[in-house]
Each structure stands twice: as C-alpha cells, then as structure tokens.
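*Asks:* Before I ask anything, here is the structure I am working with.
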Ligand SMILES: *Cc1c(COP(=O)(O)O)cnc(C)c1O
C-alpha cells in the first residue's frame with residue numbers, strides 16, 4: 045500500500061473512533077511519526093495532507109528540518125536538557141516534559157529566542173519503571189511550577205501505553221489519564237490550559253480516541269515498520 049492509501053485508512057479509523065465517542069474527525073489531531081524515515085517519505089506524506097509530524101529525537105528534528113516542506117513539528121520522545129537548544133525554534137509542541145529541570149531549560153531557551161513554548165506533561169500512568177514520564181502524583185508539582193514561568197505554556201498531558209496484548213489493561217490506563225486530564229481541567233492553575241490529551245499509537249489509537257484522546261501519534265501504520273539499522 046502507498047502512504048496515501050495508508051493515510052486514508054488511518055483517517056477512516058480515526059473518524060469512526062471519534063464518532064463512537066461523540067466527537068468529529070476535526071476534533072482529533074493526527075501526528076504522523078517520522079522517526080528513522082527519510083525526508084522524501086516525509087514530504088510525500090505532507091503532500092498527501094499530513095499537517096503535523098512527530099520525531100522522538102531532537103537531533104533528527106535538527107538534521108531533517110531544512111529538507112522538509114512546511115509542517116508543524118512535534119517533539120514526542122525523551123528530551124535531555126542539553127538538546128533543548130536543537131529544537132526550541134523548530135517545534136510547536138514538546139510532548140515529553142517530565143521534570144522541573146527540563147522546564148527550566150525550555151524556559152531559558154525560549155526566552156533566548158523570544159518565544160513561548162507549548163508543552164505537555166508526560167505521565168507514566170502504568171507505573172512502569174522503564175518508561176519516562178512522571179507519576180500521577182507528581183503532575184501537580186509541575187503544573188504549579190509552570191505558574192512561575194513566562195515562556196512556557198502547559199497545554200495538556202501525554203502518555204505512552206505499555207506494550208501489551210491485553211487491550212483491557214490499556215483501556216484502564218487510558219481511562220485513568222483521561223480522568224486526571226478532566227480533574228486538572230476543573231481546577232485553575234496559572235499558565236495551564238488543558239487542551240490536548242496526547243495518547244494512542246499505531247497499535248492502540250482507536251482505543252485511545254474512544255477513551256478521550258484528541259491527539260494521536262501514528263508511525264508504522266502510515267510508513268510501515270522502521271529499520272533502525274539505517275541510523
Ligand atoms: C515511535 C513513537 C510513536 C509511534 O509509534 P508507532 O507504533 O509506529 O505508531 C508514538 N509515540 C512515541 C512517543 C514514539 O516514540
């Protein structure tokens with residue numbers, strides 16, 4: 045199948061899942077995840093209508109940026125403080141913020157570039173030790189800290205569900221973070237506007253949307269399996 049055909053298929057599934065949960069296709073932002081893929085594949089996807097792309101490594105954003113047609117870039121993978129400078133003036137949203145130290149560095153770099161950076165707090169909802177993200181209990185500390193910053197805006201939450209064959213477990217995780225999202229939305233925090241709930245990847249995006257996600261990050265369902273040996 046071509047990228048265009050795969051995109052159409054994904055789009056139909058997003059539409060169906062959105063409608064199942066009482067929403068419209070236009071309520072859901074689809075981020076095409078292009079890590080490991082070359083510029084020509086990315087540009088083909090953009091020509092087919094992709095408006096948002098996601099990379100998980102800051103170096104890949106930096107290296108590909110000049111070869112890619114106009115599009116919104118998202119940083120979705122773990123971000124070390126010393127790499128913030130590679131992406132600060134290139135991405136529209138950083139999904140993977142999970143420490144005060146990282147918030148401080150994003151603030152510093154954003155100030156330097158005279159811009160305001162939108163971020164999501166990455167939550168490790170399953171409690172898996174290997175996954176990045178803060179625990180549910182640590183989220184509030186970061187939200188309160190955001191109130192002191194001028195060049196960062198918190199726009200929502202992001203999570204990566206554990207790899208599992210048990211979709212019931214993932215429904216529980218997704219419901220859990222959706223509840224957290226709603227709880228935060230009902231309170232008032234300076235500088236926090238709970239707009240985006242970023243959850244769902246190729247294997248679970250329909251489930252995630254049915255559980256309330258309004259941003260999904262889809263790689264292999266559009267571009268096929270990744271070949272990490274090329275990198
Ligand atoms: C790679 C990646 C994705 C996309 O994964 P697929 O299973 O290929 O859809 C989504 N989110 C993050 C954080 C990723 O690193």
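Numbering (the working numbering), first residue to last: 45 to 275. A virtual CB, placed ideally from N, CA and C, is assigned to each residue, including glycine. Being a predicted model, the structure only gives us computed values, none of them experimental.
1) Is residue 76 closer than 8 Å to residue 253 when the C-beta atoms are compared?
2) Look at residue 58 and residue 74 and say whether their C-beta atoms are less than 8 Å apart.
3) Residues in the same chain with beta-carbon distance under 7 Å from residue 123, minus the five sequence neighbours each way, listed in chain order, please.
4) Beta carbon of residue 188, beta carbon of residue 233: below 8 Å?
5) Rounded to a whole number of angstroms, what is the C-alpha to C-alpha distance between residue 157 and residue 64?
6) Quick check: what's the CA-CA separation for residue 83 versus residue 109?
7) Relative to the alpha-carbon of residue 47, which residue among 200, 71, 86 has its alpha-carbon at the smallest distance?
8) Please report how far the alpha carbon of residue 245 lies from the alpha carbon of residue 262, in whole angstroms.
9) Please report the distance separating the alpha-carbon of residue 72 from that of residue 243.
10) Measuring alpha carbon to alpha carbon, tell me which of 112, 88, 152 ends up nearest residue 50.
11) Pop quiz: residue 153 and residue 128 are said to be a contact at Cβ under 8 Å. What is the actual Cβ separation, rounded to whole angstroms?
12) Can you have a look at residue 231 and say buried or exposed, based on whether 16 or more other CB atoms are within 10 angstroms of its CB?
13) Output the boundary residues of the beta strand (DSSP E) element that contains residue 75.
14) With a threshold of 7 Å, establish whether the CB of residue 264 neighbours any heavy atom of ligand 1.
15) Suppose you measure from the CA of residue 133 to the CA of residue 247; what does that come to, to the nearest Å?
16) Identify the residues that DSSP records as bridge partners of residue 178: which are they?
17) Three-state secondary structure (DSSP) at residue 132?
*Replies:* By the coordinates alone:
1) no
2) yes
3) 102, 138, 140, 146
4) yes
5) 42 Å
6) 9 Å
7) 86
8) 5 Å
9) 11 Å
10) 88
11) 5 Å
12) exposed
13) 73-77
14) yes
15) 31 Å
16) 167
17) coil
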